[in-house]
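Numbering (our numbering), first residue to last: 6 to 107.
Note that the Cβ used here is the ideal one computed from N, Cα and C, for glycine as well.
Treat the numbers as computed from the prediction; the structure is a model and nothing was measured.
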């Protein structure tokens, strides 16, 4: 793991600890850690973040879902490939219908 991945791992672990009650919740500290996590995730490769042994931290998955929504305007779904294919199909059908009506 490189230093950026370790930093992301540390921040997400701290946030998780506050959320589940292992560490007392501190609103300011939580917001600062969450903001630092968002900044650390900028430019990070998504597959590397999700390949953590034992699964990705819920905070990382949540942040990546938010990033996906901001970039694409779609919600991340378990079967996102099928959703994307359906969207392309619907747009293609709509284009064909418009061309047929002319």
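As assigned by DSSP and simplified to three states, the class of residue i
i: residue 9; result: helix
i: residue 63; result: helix
i: residue 107; result: coil
i: residue 27; result: coil
Candidates the options, of which the one nearest residue i by Cα
i: residue 34; options: 19, 27, 79 and 66; result: 19
i: residue 16; options: 51, 56, 63 and 50; result: 63
i: residue 40; options: 12, 93 and 102; result: 12
Residue i versus residue j: straight-line alpha-carbon distance, rounded
i: residue 114; j: residue 71; result: Nothing about residue 114 can be reported from this structure: the residues present for the chain run from 6 to 107 only.
i: residue 37; j: residue 7; result: 22 Å
i: residue 76; j: residue 91; result: 19 Å
i: residue 65; j: residue 53; result: 11 Å
i: residue 78; j: residue 29; result: 35 Å
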